[in-house]
Amino acid sequence: MAAQPHGLIATFETTPDLYHAAEQVRDAGYRHWDCITPFPVHGLDKAMGLKRSIVPRISLAGGITGFITGMTLIWWTGEVDYPLIVGGKPMFSPMFAFPVSYELTILFTAFATIIGMLVVNGLPRHYHPVLKYDHIVRGMDDTFFIVIESRDPRFNLANTKALLEKAGGKAITELEP
């Protein structure tokens with residue numbers, strides 16, 4: 000018995016073809032599929048039915064954490080750890096804590112953004128079955144692809160192939176696992 004394929008890949012020649020095919024795949028109810036394009040296609044994420052990324056929220060949480068860490072660090076050192084009155088200045092003032100808080104806000108935001116992006120995207124991914132496809136290199140130059148994975152609950156080899164053909168896909172091929 001042959002092994003279950005990783006999925007199906009279909010080729011599309013133009014951006015509008017890919018866009019409309021993505022809408023058809025989305026409307027058919029598929030969840031585990033992706034588009035491969037040589038450049039960003041405006042609006043494709045909406046055509047695919049993707050939600051807005053949570054990475055900006057992760058970045059905001061990192062920035063707020065950095066700001067609070069900076070303020071707390073200056074408060075702790077001036078008020079608790081080493082209280083020293085110099086020239087009648089207060090033990091803590093946000094004005095004096097701002098440079099440290101500002102730098103930690105930027106640092107924590109950058110780290111949170113990078114780590115959040117890696118986690119949300121499942122990176123680093125050193126291997127993917129799509130890379131076995133002979134013509135995948137064209138996806139970096141002038142061709143568009145839609146890949147529907149076999150782990151999708153709606154995946155049926157014949158029905159999925161028929162959907163891709165109806166959507167205008169060319170050279171529909173099974174991907175090796």
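Under numbering that gives the first Met the number 0, the first residue of the sequence shown is numbered 0, with each subsequent residue one higher. Note that beta-carbon positions come from the ideal geometry of N, C-alpha and C, so glycine has one too. Computed from a predicted model, the values in this text were never measured in an experiment.
Check whether residue i and residue j have beta carbons under 8 Å apart
i: H31; j: E175; result: no
i: T104; j: G48; result: no
Contacts around residue i, its chain only, beta-carbon distance under 8 Å, and the 5 residues preceding and following it disregarded
i: A177; result: The structure shown has nothing for residue 177, since the chain only spans 0 to 176.
Alpha-carbon to alpha-carbon, residue j and residue i
i: K160; j: G65; result: 50 Å
i: P93; j: L83; result: 17 Å
i: D16; j: E22; result: 10 Å
i: I113; j: V54; result: 9 Å
i: T108; j: T76; result: 23 Å
i: F187; j: H125; result: Here the chain comprises residues numbered 0 to 176, so residue 187 is not present and cannot be evaluated.
i: Y18; j: H127; result: 23 Å
Closest by C-alpha distance to residue i, when choosing among the options
i: D133; options: N120, L59 and E173; result: E173
i: Y29; options: D16, R56 and N158; result: N158
i: G42; options: T14, V85 and N120; result: T14
i: G62; options: K45, E102, A170 and E78; result: E102
i: L59; options: L130, Y126 and L106; result: L106
i: D151; options: A2, D33 and Y18; result: D33
i: V24; options: A170, D44, F95 and P128; result: D44
i: F97; options: A46, V40 and L72; result: L72
Own chain residues within Cβ distance below 6 Å of residue i, not counting five before or after
i: I35; result: G138 and F144
i: S52; result: none
i: I57; result: A111 and G115
i: W226; result: Because the chain is modelled from 0 through 176, residue 226 falls outside the range shown and cannot be assessed.
i: R153; result: G28 and Y29
i: Q3; result: S149
Cut-off 7 Å between Cβ atoms - residues of its own chain near residue i, not counting five sequence neighbours on either side
i: D141; result: P37
Delimiting residues of the beta strand (DSSP E) encompassing residue i
i: I53; result: First-last for I53: undefined, no H or E at that position.
i: L49; result: First-last for L49: undefined, no H or E at that position.
i: E148; result: F143 to E148
i: E78; result: That residue, E78, is in no beta strand (DSSP E); it is neither H nor E in DSSP.
i: G6; result: G6 to F11
i: T172; result: K169 to L174
Where the alpha helix (DSSP H) through residue i begins and ends
i: I84; result: Unbroken run through I84: none, as it is neither H nor E.
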